[in-house]
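First the structure, in the form of C-alpha cells, and then the observations on it.
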Amino acid sequence: MADRDDNSWEMSFQARSGITLAAKVWGVENNPVVKVLALHGWLDNAGTYDLLAPLILQECQVPMQLVCLDFAGHGRSGHRPDGVYSTHTYVQDCADVLEQLGWKKYSIIGHSMGGAVSLILCAILTESVERLILLDSIGPPSRDGPESVKYLRSHVERYLSRKTIIRREYKSRKAGARRRKKIDPNVALSSLEILMKRGMRHVGEGYQISSDHRIANPTPSRLSEEQVRAFISAVECPVLYLRGSPEKSVFTNIPHVELYKARPKFFKDLSVVKMDGSHHFHLDHSKETADALCPFLLKEYHQPSLGNAKL
Numbered sequence: 006m007a008d009r010d011d012n013s014w015e016m017s018f019q020a021r022s023g024i025t026l027a028a029k030v031w032g033v034e035n036n037p038v039v040k041v042l043a044l045h046g047w048l049d050n051a052g053t054y055d056l057l058a059p060l061i062l063q064e065c066q067v068p069m070q071l072v073c074l075d076f077a078g079h080g081r082s083g084h085r086p087d088g089v090y091s092t093h094t095y096v097q098d099c100a101d102v103l104e105q106l107g108w109k110k111y112s113i114i115g116h117s118m119g120g121a122v123s124l125i126l127c128a129i130l131t132e133s134v135e136r137l138i139l140l141d142s143i144g145p146p147s148r149d150g151p152e153s154v155k156y157l158r159s160h161v162e163r164y165l166s167r168k169t170i171i172r173r174e175y176k177s178r179k180a181g182a183r184r185r186k187k188i189d190p191n192v193a194l195s196s197l198e199i200l201m202k203r204g205m206r207h208v209g210e211g212y213q214i215s216s217d218h219r220i221a222n223p224t225p226s227r228l229s230e231e232q233v234r235a236f237i238s239a240v241e242c243p244v245l246y247l248r249g250s251p252e253k254s255v256f257t258n259i260p261h262v263e264l265y266k267a268r269p270k271f272f273k274d275l276s277v278v279k280m281d282g283s284h285h286f287h288l289d290h291s292k293e294t295a296d297a298l299c300p301f302l303l304k305e306y307h308q309p310s311l312g313n314a315k316l
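Numbering (my numbering), first residue to last: 6 to 316.
Pasting the structure below:
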C-alpha cells in the first residue's frame with residue numbers, strides 16, 4: 006500500500022495471467038463491516054468512483070472498504086501481452102482479486118462494462134455476493150447467429166494485424182479530457198478530467214492515454230442472448246439497477262435494444278431507479294447516486310421489487 010490520501014490508497018494484485026492489476030481503495034484498512042468491489046466501464050478506470058466513493062463512506066457511516074479496480078488494459082493496470090480482452094478474462098481477473106482479498110461476503114458495484122462483468126460474477130459466486138448495484142448496465146452485449154461469425158472474423162483480423170499505433174501526445178490532462186468529450190459529449194468535462202487523472206501518464210513534456218489501444222478491438226466471442234438471460238436468472242442476490250435518463254442512456258440507440266428492455270423480468274429480485282443524467286450519472290450526479298444506493302447497500306432498501314419494470 007502507498008500514496009494514502011483523502012481516505013484512499015493504492016493496492017496491487019498479481020494476477021494468474023502474469024499481469025499486475027491496480028486498484029484504488031477507499032475506507033478502512035482493517036476489519037471492514039461492509040466490503041465492496043467496484044468495477045468501472047469500458048475506456049474508464051478506477052477514478053470513475055473518485056466522487057462517489059467518499060460520499061458512500063460518508064452517508065453509510067459504517068466501517069467499509071471499497072476496492073475500485075482498474076481492469077486489465079485500463080488505468081494503472083498492466084496490459085495483456087496478447088492484447089486479447091473480453092468479458093471472460095475480466096471475470097477471471099476479478100475472481101482472482103477477490104480470492105486474494107480473502108473476502109467471504111461482499112457486494113459489487115458495476116458501471117457499464119463493469120456492470121456486465123459484475124452480473125456474471127454474481128451468477129457464478131452466488132454464495133459470496135450479498136448485493137449487486139448496476140450503474141446504467143443490464144448485462145453484457147450479446148451476439149446471436151451469423152453475427153457471431155462476423156464478430157469473430159473481425160477479431161481475428163485485428164489480432165493478426167501488426168499495424169503500429171502512434172500514441173497521441175497531449176499538452177495536459179485537460180486536453181485529453183476535451184478529446185474524450187468528443188466521444189462522450191453527454192459527460193461533463195469536469196468528470197472526464199477526473200478520469201484522465203488516472204487514465205493518462207506523463208511522457209516527456211506531455212501526456213498520453215495509459216490504456217492499451219487494443220481494448221478497442223472486437224472481443225473473441227460474446228454470449229448469446231439466451232446465455233445472458235441464463236446468467237441473469239442465476240443471480241441469487243438482490244439487485245439495484247440505477248438507470249440513466251432514456252434520452253442519454255447508452256442503451257437508447259444500440260442494436261437490439263428491445264432485447265435489453267426484456268432483461269429485467271429474468272431477475273429474481275430487481276429494483277429499478279431512474280436517475281437524471283447521462284451514462285456517467287454517477288460522476289456528474291454523484292450525490293444523488295449515493296443517496297439512491299446507500300440504503301440498498303446497507304440492506305435497508307424497502308422499495309418493492311420491480312422485476313417486471315419497463316426500461
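Beta carbons are placed, not taken as given, at the ideal position from N, Cα and C, and that holds for glycine.
Flag this pair as yes or no: are the beta carbons of L44 and A58 separated by less than 8 Å? no
Residues near P54 in its chain [Cβ-Cβ closer than 6 Å; skip 5 each side]: Checking the sequence, you will find Tyr at residue 54 rather than Pro. Excluding positions up to five away in sequence, the list reads A43 and C73.
Inter-residue CB distance, L302 and S17 (contact presumed, cutoff 8 Å): About 26 Å separates the two Cβ atoms, so there is no contact after all.
I'd like the list of long-range same chain contacts for R158, defined as Cβ closer than 7 Å, with 5 residues on each side in sequence excluded. none
Report the rounded CA-to-CA distance for V102 versus G23, giving the unit in angstroms. 13 Å
Verify whether the separation of the beta carbon atoms of L62 and W108 is less than 8 Å. no
Report the start-end ranges of each alpha helix (DSSP H) in the segment 48-122 that is 4 residues or longer and not cut off at the edges. 57-65 and 92-106
For T224, the three-state DSSP class (helix, strand or coil): coil
Between the beta-carbon of M280 and the beta-carbon of R248, is there less than 8 Å? yes
By DSSP, does V192 sit in helix, in strand, or in coil? coil
Could you spell out the range, first to last residue, of the alpha helix (DSSP H) harbouring S1? The chain is shown from 6 up to 316; residue 1 falls before or after that span and cannot be answered.
Looking only at DSSP bridge pairs, what is H207 linked to? Y212
Apart from the five residues just before and just after Y175, which ones in its own chain have a Cβ nearer than 6 Å to its Cβ? G181, G211 and Y212
Coarse secondary structure for S17, derived from DSSP in three states: strand
Which two residues bound the contiguous beta strand (DSSP E) that contains Y246? V244 to R248
Alpha helix (DSSP H) segment containing S159, residue limits: P151 to L165
Can you tell me where the alpha helix (DSSP H) with S147 in it begins and where it stops? S147 -> no alpha helix (DSSP H), and no H or E assigned at all.
First through last residue of the beta strand (DSSP E) which encompasses V262: No beta strand (DSSP E) holds V262; the alpha helix (DSSP H) holding it covers V262 to A267.
What is the DSSP secondary structure of R172, reduced to helix, strand or coil? coil
Nonlocal neighbours in the same chain, by C-beta distance under 6 Å from H79, ignoring five residues either side: N50 and S216
Beta-carbon separation (whole angstroms), I220 vs Y90, contact threshold 8 Å: 5 Å
Supposed close pair R148, R227 - CB separation, criterion 8 Å: 4 Å
Tell me which same chain residues have a C-beta within less than 6 Å of the C-beta of E293, skipping the five on either side of it? none
Determine the closest residue to V39 out of G46, S133 and K270, with distance taken between C-alpha atoms. S133
Classify R185: buried if its beta carbon has 16 or more other beta carbons within 10 angstroms, exposed otherwise. buried
Buried or exposed: where does P309 fall if 16 or more other Cβ atoms within 10 Å of its Cβ makes it buried? Residue placement at P309 cannot be trusted, given a pLDDT of 41 that sits under 50; what the coordinates show is reported in the next sentence. Under this definition P309 is an exposed residue.
For S276, does the three-state DSSP call read helix, strand or coil? strand
Under 8 Å between the Cβ atoms of V41 and I143? no
Could you tell me if S195 is buried or exposed, where buried requires 16 or more neighbouring beta carbons within 10 angstroms of its beta carbon? exposed
The alpha helix (DSSP H) enclosing R185, as first and last residue numbers: R178 to K186
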